[in-house]
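To start, the structure under review is shown below, and the notes come after it.
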Amino acid sequence: MLPDFDATVRAIADTVALREQRPVGTAGQASAFVLASFAGLPGYLRPPLRAATLIFDAWPVIGQRTYFHDLPPEERRRTVEAWERSFLGPARMLMTFYVSLSLFGLWPDDARHG
Amino acid sequence: MSIAIPWDSFDLIVFDMDGTLYDQPPLRRRMAALLAREAIRQRSLSVMRTLAAFRRQREAMANAVTNDFAVAQYRLPGHSPDAVRATVIDWMEQRPLAMLREYRTPGAGTLFTRLARNHAIAIFSDYAAQAKLAALGLSARYCVTAEDVGRLKPDPAGLLWLMEQAKTTPQRTLMIGDRDERDGEAARRAGVRALIRGRDFRHFDDPIFRHAS
Ligand SMILES: [Mg+2]
Chain A
2 MLPDFDATVR AIADTVALRE QRPVGTAGQA SAFVLASFAG LPGYLRPPLR
52 AATLIFDAWP VIGQRTYFHD LPPEERRRTV EAWERSFLGP ARMLMTFYVS
102 LSLFGLWPDD ARHG
Chain B
5 MSIAIPWDSF DLIVFDMDGT LYDQPPLRRR MAALLAREAI RQRSLSVMRT
55 LAAFRRQREA MANAVTNDFA VAQYRLPGHS PDAVRATVID WMEQRPLAML
105 REYRTPGAGT LFTRLARNHA IAIFSDYAAQ AKLAALGLSA RYCVTAEDVG
155 RLKPDPAGLL WLMEQAKTTP QRTLMIGDRD ERDGEAARRA GVRALIRGRD
205 FRHFDDPIFR HAS
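Next up, the structure:
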């Protein structure tokens with residue numbers, strides 16, 4: 002197994018959806034939105050973000066011998082929250098980026114036909 | 005799709021704003037990226053959470069009649085209504101304006117020009133619409149929003165008000181929107197025919213608009 006970008010994004014969106022009290026959208030909608038938003042980012046931002054995301058996915062391998070996207074929900078949440086509070090700016094920024102996009106993706110979507 | 009619209013039989017053409025006169029998904033993605041940048045800068049998701057809670061509240065209110073709608077929509081647990089209102093106006097009304105023109109629905113400009121010759125054009129929107137209309141480079145004779153009538157779609161109050169202003173009847177009115185459960189349902193309750201984007205047409209260059217004038 003290798004780090005997997007799409008699976009990581011889906012796992013983060015799932016984690017955010019589970020953590021939210023009353024999401025209106027589904028985790029699937031949130032992850033589709035995050036992936037679409039990522040694809041729409043300026044070209045120079047995507048490679049470093051993708052690399053950082055793969056590092057995030059591989060991070061739990063050190064302690065738990067498993068990629069983030071393969072962790073059970075509770076462990077995923079712990080990992081996301083540890084990175085949200087990280088003293089390392091880039092780690093914190095990466096998680097804020099994904100969590101905020103996931104939250105946006107959980108909004109009611111009145112744009113289905115747009 | 006071959007729906008023939010008897011354009012001559014209408015006096016009043018009512019357009020929904022969001023998702024009808026401009027494409028929402030690409031604008032939403034750009035706004036999401038701006039909000040993510042803001043969250044990183046502020047080290048806080050509070051703006052995003054406030055907006056999400058506001059949107060949830062609005063969706064819930066669409067299914068219930070509230071008398072003090074204009075005030076109630078900003079009343080969220082744990083927030084000051086003034087702060088919620090300021091955040092909503094900033095992020096949902098002001099900031100998108102600059103990007104709006106880029107996402108105008110193809111054919112909207114020509115259609116508005118042609119329709120304006122023989123019809124009254126109106127906007128019926130749940131959100132503030134005047135500034136968006138100007139940003140889109142379009143103009144309408146009438147504009148009514150949820151705040152004006154104190155009701156969200158699918159309540160037809162705004163549509164009824166527009167017909168009264170235009171001194172016309174449901175038979176001579178056409179509603180054009182993008183959500184059947186909101187725009188379509190408001191039209192049904194008012195006895196007005198509706199065209200729904202995504203179901204009846206994709207954009208305003210579609211053949212059903214060819215004879216509109
Ligand atoms: Mg709409």
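Order-wise, the sequence lines are chains A and B. Taking our numbering, the leading residue of the first sequence gets 2, the next gets one more, and so forth. Taking our numbering, the leading residue of the second sequence gets 5, the next gets one more, and so forth. From the three backbone atoms N, C-alpha and C, an ideal C-beta is built for every residue, glycine too.
Do R11(A) and ligand 1 come close, with the Cβ less than 8 Å from some heavy atom? In this structure, ligand 1 has no non-hydrogen atom nearer than 8 Å to the beta-carbon of R11(A).
Using a strict less-than 7 Å threshold between each residue's beta carbon and the heavy atoms of ligand 1, what residues do you get? For ligand 1, the selected residues are D111(A), D20(B), M21(B), D22(B), G23(B), T24(B), G181(B), D182(B), R183(B), R186(B), D187(B).
Decide if D7(A) is buried, meaning its Cβ has at least 16 other Cβ atoms within 10 Å, or exposed. Answer is exposed; the Cβ neighbour count stays below 16.
In chain B, which residues lie less than 7 Å from V100(A) when you measure between Cβ atoms? Contact note: V100(A) reaches chain B through L49, using a C-beta cutoff of 7 Å and chain order.
Taking C-alpha atoms, which residue in T16(A), L3(A), F98(A), L55(A) lies nearest to D80(A)? Contrary to the premise, residue 80(A) reads as Thr rather than Asp in this sequence. Here the closest residue by C-alpha is T16(A).
How would you call A102(B), buried or exposed, if buried means at least 16 neighbouring beta carbons within 10 angstroms? Of the other Cβ atoms in all chains shown, fewer than 16 fall within 10 Å of the Cβ of A102(B); this residue is therefore exposed.
Quick check on G41(A): does DSSP put it in helix, strand or coil? The answer is coil: DSSP assigns G41(A) none of H, G, I, E or B.
Closer than 7 Å by beta-carbon distance: list the chain B residues that pair up with A18(A), in chain order. Residues of chain B whose Cβ lies closer than 7 Å to the Cβ of A18(A) do not exist; the shortest such Cβ separation is about 12 Å.
So S38(A) contacts chain B; which residues on that side make the cut at Cβ distance below 7 Å? Ordered by position in chain B, the residues that pass the 7 Å Cβ test against S38(A) are R33, A36, A37.
How many angstroms separate the CA atom of P110(B) from the CA atom of L107(A)? Each residue's Cα considered, the two are about 28 Å apart.
Quick check on the burial criterion: 16 or more other C-beta atoms within 10 angstroms. Buried or exposed for G64(A)? Here G64(A) is exposed: its Cβ has fewer than 16 other Cβ atoms, across all protein chains shown, within 10 Å.
I'd like the list of long-range same chain contacts for A59(A), defined as Cβ closer than 7 Å, with 5 residues on each side in sequence excluded. Excluding five sequence positions before and after A59(A), the CB atoms of its chain that fall closer than 7 Å to its own CB belong to P4, Y68, given in chain order.
Supposed close pair S217(B), R118(B) - CB separation, criterion 8 Å: So it is a contact: roughly 5 Å between Cβ atoms.
Check whether the Cβ atoms of F73(B) and E151(B) sit closer than 9 Å, and answer yes or no. Yes, Cβ-Cβ distance for F73(B) and E151(B) is below 9 Å.
Taking a cut of 9 Å between CB atoms, which residues from the region 48-66 of chain A lie near chain B? Residues passing the 9 Å Cβ filter: none.
8 Å contact criterion, which D20(B) and D187(B) should meet: CB distance rounded: Rounded to the nearest angstrom, the Cβ distance from D20(B) to D187(B) is 5 Å, consistent with a contact under 8 Å.
Kindly list the residues whose CB is nearer than 6 Å to the CB of D158(B), restricted to its own chain and excluding five residues on each side of it in sequence; keep chain order. Correcting the residue type first, residue 158(B) is Pro in the shown sequence and not Asp. Exclusion of the five residues before and after P158(B) leaves R186, E189, A190 as the residues of its chain whose Cβ lies within less than 6 Å of its Cβ.
Helix, strand or coil for R108(B), going by three-state DSSP, please let me know. For R108(B), the secondary structure class from DSSP, reduced to helix, strand or coil, is strand.
Helix, strand or coil: which one does DSSP assign to S87(A)? The three-state reading of DSSP puts S87(A) in coil, since its state is none of H, G, I, E or B.
Which residues mark the beginning and the end of the alpha helix (DSSP H) in which L156(B) is found? Where L156(B) is concerned, there is no enclosing alpha helix (DSSP H), given that its DSSP letter is neither H nor E.
Chain-ordered neighbours of T97(A) on chain B, where CB pairs are closer than 8 Å: Simply A40, A43, I44, R47, L49.
Inter-residue spacing [alpha-carbon to alpha-carbon] between W234(B) and R214(B): Outside the shown range of chain B, which is 5 to 217, sits residue 234(B), and nothing can be said about it.
Just checking: is the beta-carbon of V25(A) within a distance shorter than 9 Å of some beta-carbon in chain B? For V25(A), the answer is yes, since a Cβ of chain B falls inside 9 Å of its Cβ.
Residue-chain proximity (E97(B), chain A), Cβ-Cβ < 9 Å: It does not: the Cβ of E97(B) has no partner Cβ on chain A nearer than 9 Å.
Would you mind giving the Cβ-Cβ distance between A57(B) and L104(A), rounded to the nearest angstrom? I have them listed as a contact below 8 Å. Contact doesn't hold; Cβ gap of about 10 Å is too wide.
In chain B, which residues lie less than 7 Å from F69(A) when you measure between Cβ atoms? Close partners of F69(A) in chain B (Cβ separation under 7 Å) are lacking, with about 20 Å as the shortest Cβ gap.
Name the chain A residues that come within less than 8 Å of R53(B), Cβ to Cβ? Listed along the chain, the chain A residues whose CB falls inside 8 Å of the CB of R53(B) are L104.
Assign T218(B) to one of three DSSP states: helix, strand, or coil. In the structure as shown, chain B begins at 5 and stops at 217. Residue 218(B) is therefore absent and cannot be evaluated.
Cross-chain neighbours of R89(B) in chain A, by beta carbon under 9 Å: Within chain A, no residue comes near R89(B); the closest Cβ sits about 18 Å away, beyond 9 Å.
Which value, in whole angstroms, describes the spacing of the CA atoms of E106(B) and A92(A)? Their backbone Cα atoms lie some 34 Å apart in a straight line.
Measuring straight from C-alpha to C-alpha, what distance separates L95(A) and M2(A)? Straight-line spacing of the CA atoms in L95(A) and M2(A) works out to 23 Å.
Go through its chain and collect everything with a Cβ distance to R89(B)'s Cβ below 7 Å, but skip five positions before and after it. Around R89(B): Y78.
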